[in-house]
Every structure is written in C-alpha cells, then in structure tokens.
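Here is the structure we will look at, set down as structure tokens.
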Amino acid sequence: MENNGRLPSWAAALAGLVAGAVAAGLSLPAAALVKASAFPVVAAGNAAVDLTPAWLKDWAIRTFGEHDKTVLLAGVLAVLAAAAAYAGILAARDLRYGAALLGGFGALGILAVLTRPGAGPADALPTLLGVAAGVFTLSRLLRRALLPTGTGGEEPPGVQTPAAMRAEGEPPGVQVPAVMRAGEEPRSFDRRGLLTAALGGAVAAGAGAVAGRLFTGRSEVDAARAGLALPRPAVPARPVPAGSDLRIKGLSPFFTPNHDFYRVDTALVVPRVDPRGWTLRIGGMVDRQVELTFADLLARPLVEADVTLCCVSNEVGGPYIGNARWLGVRLADLLREAGVRAGADMLLSVSADGWTCGTPAGVVLDGRDALLAVAMNGETLPVDHGFPARMVVPGLYGYVSATKWVTEIKVTRFDRDEAYWTPRGWAAEGPVKTQSRIDLPRPGARLAPGRTVVAGVAWAQHKGVDAVEIRVDGGPWRQARLAQAPTADTWRQWVVDDWDATPGEHTIEVRATDATGYTQTAERTPVAPDGATGLHTVTVTVA
Ligand SMILES: Nc1nc2c(c(=O)[nH]1)N[C@H]1C(S)=C(S)[C@@H](COP(=O)(O)O)O[C@H]1N2
Ligand SMILES: [Mo]
C-alpha cells in the first residue's frame, strides 16, 4: 500500500517511529531538569497502575509476579510505538493528521503528568517540548524521504536521484510511482534520504535518553547513599539465639539478604530521594508540627529490631515475605513529640511518589518496635526498599505499615482519610495472619525413598509461633521441631527431619499455631481483601 502513492507505508511508519522516539528522547532530559515525574511515558504508566481495576492488578501480579511493572512499561511503550508509526502513516497523507495524533497523545501525556501527586503547570513543559520536537522531526523526515523527480536543478551534481537509479536498470514496477499533487513538483521516494535522516533522529533520541539519565541525579543519590556512615544503635537488637538458623540448604535463611528481599510497590521507576533535601513532616491531629531532616534523624537514638515483613498479596506458600534487621527511630517517640490529639486513630503516611498508607495509631504507640528505618541488615536502606527512610511495623502487612521513601505522616482518623489501597478493594486495616510455608521439598520434586527432610518457615508477627505441624497424605498431624527466634516479631524456621518417604506420590501439608493458641485455618481464601488463608500444600513424587 502506498500513501497517496508517494511513500511506502513502512517508510511512513518508520518516520513516525523515529519522530516518536525523538519526542520521548527529548522530553526525558527536560523532565529530568523540571521534575522526574514530569516524564510523560512513566507518568502514563503510573496513571495506568493507579487506574487499573483490582482484579486486573491481581491477575498481573499472579501472572508476572515482580515483573509486572516491566510488563506494564513494555505495554505502554508498545502502544506508543504503534501510535507513532500510525502517526507517520497519517502524516504521509497529510502532515496535519499525523501532527494531530502526536498532539493527542501529548495531551494524554500532559493529563497523566498533571494528575500525578504534587504536579504543577511547569510539569507540562517536557511533554510540550517532546511533541513539538516530534512533529518537527516527522515533517523533516517526510520531506527527506521524497525527492523531486525528473532532472530539476535542485540536486547538487553527482547525487543519484531515484529517477536516475531507475534509469540505470532497476526492474520496472519496483519503484513507487511518483504522483503529482496540484501545484507541487512531482516527488518520488528517496530510501537513502529517509534512512539517513531516520538514523540522525534515532541518534538524537538516544542522546536525549543518555542526557536524561545524567540529569536525573541518579548517580548523586547513589553517591550520597554510599557515603553515609550508619550510627551505632543506642538499643541493639535482642541477641539472636544460636539455634535460630537451622542452616538447611534450600530452607529460607533466618535473615533474608537484601538482594533477595522481595519488592512490592506501585512505583514504575523507584523514587530516588536525595537525603540532603529529604524531610519528614508530622502533622494533622497533633499539638505541634514536627519536621525532621535526615541529619536530625541520624542524630537521634537509633533502635535495632528484627522484623519479618510480608505482603498481603502473598499467596499461601508465596514468596512475598522476608526477615531483616532494621535500624531506625521509634515512630512512637516522634509521635509523642508531636503530641497525638485525642480521637486520632490513624497515621496516614505519604511517600515521595504520592503513595499513601493508613496505619492504626494504637498499634504504633503500643510499645512494639515500630520504626522509621534507615538501615536494613547492616546496610543503608537500599533505594528499592525506601531510601532514605521507610516505616516498619511488626504485625501489620506492608500495605498498611511499611511506607517506603516516606516524607509525611498525617495523624488523622480512619473515618476521615483513606489510604491508596482502600478504595481498590483492600481492607483498611491489615493485621498479619498466622501462616506457614514448606520450603523443602520443593513442589513437584522427585525424591529418593527413605528418610527425608521437610522444612520451612512460619510466622505470626508480634504474637509469635508456638507450634508447627505437618501431615502427609491427610494422615495424622505431627509436630515439627521449631528453631529459636529472638522475638515474636520474626518468622521461625521449622523442620521434620525423619519423614520416611515411600514410593509413590505424596502430599505434605503444614499448619502453624500462634502464641494466642490459634491454629491457622485450612479454609482457602484469596489474598484480597485482607490476606490469604489456607494450608500450604506440596506434592512430591518418591521413586
Ligand atoms: N512508597 C511505597 N511504599 C510501600 C509500597 C508502595 O507501593 N509504595 N508498598 C507497600 C507494600 S504493599 C509492601 S508489602 C511493602 C514491601 O516492602 P519491600 O518492597 O521493601 O519488601 O512496602 C510497602 N511500602
Ligand atoms: Mo504488600
């Protein structure tokens, strides 16, 4: 198919794609200078995350796991690329149509940017600049793709025009016919001209992307993070009993290394917060506002605590749980300084990227190790896990307690304020449910008959795990041996090391009983609205 008989559609589509790349490639460094969240591609992705209905998000997490964001971003890019290619095809017919399509997508981008938390009018500039550059590129590319036919005097001597090439013996019928437009010189497709210009556009887009990376201050935040020396804790963690880690290969270690720690958040691109500009404001229903800098935070007495963090989206037997040693300031101390007013029952914490979280104030104030953490497993908080500061509250799922990149805590009431996940189908309060998981043997494993180790972890944060039992093929429950744990706030490893595996297929189930005497229910419920229940079950083949 030819557009208007002048350009093959692939050429028009290529021109559109390059124009789109230039638009994105120029808006990126512009956004880096104005504000990172003003980059329309990521803003559109973030808006998509926020607008996605809960069932679709659950499906995406189930299907793509922690890669769900990569998949979404790839999807956004694919849609934009298709639109840009189509804009090229339209523009080959009439530049105004293509420009209108680019402009339409620009308008959507601006809408996405301006509806991000904390956006201002200046945030529209990078998109405007990008669209202008895109339209300009498109018109230039389409011009370069067409050469006047015939022997008009416009070409410098020695340049081969397609007409000349044709004369030199290209098979007839291959060339796209040049079509006359009223009042215009006849022009024909110049493949080399287009490809050269497209290459130039691609280089410009790439340079923009590189500049964008440089301007984001990414390396500055990384350097600031690396340069931090962690103060010693004023209150060290309770000693970890010698038997807390059974050191069985394949069993989750007692402490989850930072690089293995699960990550769950709504951020398509993690916020990079410079600690030198960071502050935490505590306001709302308080006697006096408190504002802390990062230096203020480090100057305070720091408390160390071992806490197992888990996600409400964790399926029975799932991976979204980890245990770490956190170092931070007691949230209760900060709140008491601010003076929590009577009637307040919720802490609405806000992250640098506008995510919000509602935590029961009573839980934070009841004496448990609820921290504003700055370090994780002896290392400055990793950027993915909330640098420079995040909340950690033992006994609550992360979505109601563990705000990363936290910048604000508003003391308020559950009947006045709503956090991010509440209107999206999740419970306003999320205490952790008593649960257990089989790490060994792996589901579907093929085992040799004989004495076999069955091992895993169980958790009931801030209550404590008192017993773990397993049963095979629906037989009698038998007690597992429990590893030690320093406090009730961490998971406990457990092991049965003398299961006599006989040939055949076997099903192993596990259940935990917490220190309140509650034994976890076998009833299977989904993760929404307040955490999955049911027994983790693993099927293996012994042969
Ligand atoms: N800013 C921000 N903090 C957040 C979230 C988020 O989406 N944004 N997700 C929460 C959820 S649902 C969980 S389970 C924990 C996960 O913390 P991790 O990624 O450090 O494991 O972070 C919490 N803190
Ligand atoms: Mo979560």
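full-length UniProt numbering numbers the first residue of the sequence shown as 1 and each following residue consecutively. Yeah, the Cβ is synthetic: ideal placement off N, Cα and C, and Gly gets one too. Please read all numbers here as calculations on a predicted model, not as lab measurements.
Can you check DSSP and say which residues form a bridge with P431?
Numbered from its first residue, the sequence shown carries residue 431 at position 431. Answer by DSSP bridge pairing, in chain order: L396.
Does ligand 1 have a heavy atom nearer than 7 Å to the CB of D68?
Counted from its first residue, the sequence shown places residue 68 at position 68. No, the beta carbon of D68 sits no closer than 7 Å to any heavy atom of ligand 1.
Whose C-beta lies closer than 8 Å to the C-beta of G450 among residues of the same chain, with five residues either side of it excluded?
Locating residue 450 in the sequence shown gives position 450, where the first residue counts as 1. Beyond the five residues adjoining it in sequence on each side, G450 comes within less than 8 Å, by CB distance, of D500 and A501 in the same chain, given in chain order.
Taking only the alpha-carbon atoms, compute the straight-line gap between Q435 and G464 and give it to the nearest angstrom.
In the sequence shown, residue 435 corresponds to position 435, counting from 1. In the sequence shown, residue 464 corresponds to position 464, counting from 1. Straight-line Cα distance between these residues: approximately 11 Å.
Between A202 and the rest of its own chain, which residues show a CB-CB distance below 7 Å, the 5 nearest in sequence each way excluded?
In the sequence shown, the residue the question calls residue 202 occupies position 202. The answer, listed in chain order, is V18 and A21.
Proximal residues to Q461 (C-beta, below 6 Å), its chain only, five neighbours per side dropped
On the sequence shown, position 461 is the one that residue 461 refers to. If the five residues before and after Q461 are omitted, its C-beta is found closer than 6 Å to the C-beta atoms of T308, P394, G395, V432 and D489, all from its own chain and listed in chain order.
Can you check which of these residues, V290, R263, R368 and W278, is closest to C310 by C-alpha distance?
Numbered from 1 along the sequence shown, position 310 holds the residue referred to as residue 310. For the options V290, R263, R368 and W278, the alpha carbon positioned closest to that of C310 is the one of R263.
At what residues does the alpha helix (DSSP H) containing W55 begin and finish?
Translated into the one-based positions of the sequence shown, residue 55 becomes position 55. Under the DSSP assignment, W55 falls in the alpha helix (DSSP H) whose first and last residues are A54 to F64.
Roughly how many angstroms separate the alpha carbons of G208 and A133, rounded to a whole number?
As a working note, residue 208 is residue 208 in the sequence shown. As a working note, residue 133 is residue 133 in the sequence shown. Take the alpha-carbon of G208 and the one of A133: they are about 12 Å apart.
Might you give, ordered along the chain, the residues of its own chain that have their beta carbon closer than 6 Å to the beta carbon of D497, omitting 5 neighbours on each side?
The sequence position of residue 497 within the sequence shown is 497, counting from 1. Beyond the five residues adjoining it in sequence on each side, D497 comes within less than 6 Å, by CB distance, of V453 in the same chain, given in chain order.
If you draw a straight line from the C-alpha of G158 to the C-alpha of R191, how long is it?
Numbered from its first residue, the sequence shown carries residue 158 at position 158. Numbered from its first residue, the sequence shown carries residue 191 at position 191. Confidence at G158 is low in this model, with a pLDDT of 39, below 50, so its placement is unreliable and the value that follows should be read with caution. Near 17 Å, if we compare the C-alpha coordinates of R191 and G158.
Using alpha carbons as the reference points, say which of A112, V79 and W10 lies closest to A92.
As a working note, residue 92 is residue 92 in the sequence shown. The option with the nearest alpha carbon to A92 is W10.
What I want to know is whether the C-beta of C357 ends up closer than 7 Å to one or more non-hydrogen atoms of ligand 3.
Looking at this structure, you won't find ligand 3 anywhere; what it does contain is ligand 1 and ligand 2.
Which of the three DSSP states, helix, strand or coil, is assigned to G444?
Taking the first residue of the sequence shown as 1, we reach residue 444 at position 444. In this structure, G444 counts as coil in the three-state DSSP scheme.
State whether the stretch 211–230 contacts the stretch 339–359, with contact taken as three or more CB pairs (one from each stretch) at a distance under 8 Å.
Two segments are said to touch when three or more pairs of C-beta atoms, one from each, lie closer than 8 Å; by this definition the stretch 211–230 does not touch the stretch 339–359.
Kindly give me the distance between the Cβ atoms of L298 and V235, rounded to whole angstroms, as I take these residues to be in contact under 8 Å.
Along the sequence shown, read from residue 1 onward, the residue named residue 298 stands at position 298. Along the sequence shown, read from residue 1 onward, the residue named residue 235 stands at position 235. In fact, because the Cβ distance is near 15 Å, the residues do not count as touching under 8 Å.
Under DSSP, the beta strand (DSSP E) around N323 begins and ends at which residues?
For the purposes of this step, residue 323 is taken as residue 323 along the sequence shown, with counting starting at 1. In this chain, the beta strand (DSSP E) harbouring N323 covers I321 to R330.
Which partner residues does K410 have in the DSSP bridge list?
Translated into the one-based positions of the sequence shown, residue 410 becomes position 410. K410 is bridged by DSSP to G283 and L348.
Assign E509 to one of two classes, buried (16 or more other C-beta atoms within 10 Å of its C-beta) or exposed (fewer than that).
Here residue 509 refers to the residue found at position 509 when the sequence shown is read from its first residue. Answer is buried; the Cβ neighbour count reaches 16.
Just the C-alpha distance for G120 and V406, rounded to the nearest angstrom, thanks.
The residue given as residue 120 occupies position 120 in the sequence shown. The residue given as residue 406 occupies position 406 in the sequence shown. Roughly 21 Å between the two C-alpha positions.
So what's R481 in DSSP terms, helix, strand or just coil?
Here residue 481 is taken as the residue at index 481 of the sequence shown, counted from 1. Three-state DSSP puts R481 in a strand.
Is it right to say V79 is buried, meaning 16 or more other beta carbons lie within 10 angstroms of its own, or is it exposed?
Sequence index remark: in the sequence shown, residue 79 carries index 79 (1-based). Taking all protein chains in view, the Cβ of V79 is surrounded by fewer than 16 other Cβ atoms within 10 Å, so the residue is classified as exposed.
Minimum C-alpha distance to T422 - residue among T279, R144, A204 and C357:
Counting from one through the sequence shown, the residue named residue 422 turns up at place 422. When T279, R144, A204 and C357 are compared, the shortest CA-CA separation from T422 is found for C357.
Can you name the start and end residues of the alpha helix (DSSP H) that G354 belongs to?
As a first step, residue 354 is located in the sequence shown; it is residue number 354 there, counting from the start. Per DSSP, G354 belongs to no alpha helix (DSSP H) and is neither H nor E.
When you compare the CB positions of A480 and W459, do they come within less than 8 Å of one another, or not?
Start at 1 with the first residue of the sequence shown, and residue 480 comes out as number 480. Start at 1 with the first residue of the sequence shown, and residue 459 comes out as number 459. Taking 8 Å as the Cβ cut-off, A480 and W459 do not qualify as a contacting pair.
Could you spell out where the beta strand (DSSP E) holding F105 opens and where it closes?
As a first step, residue 105 is located in the sequence shown; it is residue number 105 there, counting from the start. It is not in any beta strand (DSSP E) - F105 instead sits in the alpha helix (DSSP H) that spans L95 to L114.
Please report how far the alpha carbon of L199 lies from the alpha carbon of V210, in whole angstroms.
In the sequence shown, the residue the question calls residue 199 occupies position 199. In the sequence shown, the residue the question calls residue 210 occupies position 210. Straight-line Cα distance between these residues: approximately 16 Å.
Which residues in the same chain as A124 place their Cβ atom closer than 7 Å to its Cβ, once the five residues preceding and following it in sequence are excluded?
As a first step, residue 124 is located in the sequence shown; it is residue number 124 there, counting from the start. Excluding residues up to 5 positions away in sequence, I110, V113 and L114 lie with their Cβ nearer than 7 Å to the Cβ of A124 in the same chain.
Please state whether DSSP places G152 in a helix, a strand or coil.
Residue numbering aside, residue 152 sits at position 152 when the sequence shown is read from its first letter. In this predicted model, G152 has a pLDDT of only 40, less than 50, meaning its place in the structure is not dependable; the value taken from the coordinates is given anyway. Residue state, collapsed to three classes: coil.
Count the other CB atoms within 10 Å of the CB of H437; is the residue buried (16 or more) or exposed (fewer)?
Mapped onto the sequence shown, residue 437 falls at position 437. Sequence inspection shows Arg at residue 437; the His mentioned does not correspond to that position. Label assigned to R437: buried.
Taking only beta-carbon atoms, is E291 less than 8 Å away from chain B?
Of the protein chains in the structure, only one exists, and it is not chain B.
DSSP on V22, reduced to helix/strand/coil?
Mapped onto the sequence shown, residue 22 falls at position 22. Helix, per DSSP.
Would you say the beta carbon of H259 comes nearer than 7 Å to a heavy atom of ligand 1?
The residue labelled residue 259 in the question sits at position 259 within the sequence shown. Because no heavy atom of ligand 1 lies under 7 Å away, the Cβ of H259 does not count as near it: no.
For the alpha helix (DSSP H) that contains V135, what are its first and last residues?
Start at 1 with the first residue of the sequence shown, and residue 135 comes out as number 135. L125 to R144 is the extent of the alpha helix (DSSP H) around V135.
Take the Cβ of residue 548 as the centre, count every other Cβ of all protein chains shown within 10 Å, and call the residue buried at 16 or more, exposed below.
Nothing can be reported for residue 548, as the shown portion of the chain is limited to 1 through 543.
Could you check if G307 belongs to the surroundings of ligand 1, using beta carbon to heavy atom distance under 7 Å?
Position 307 of the sequence shown holds residue 307. This sequence places Val at residue 307; Gly is not what is there. No, ligand 1 has no heavy atom inside 7 Å of this Cβ.
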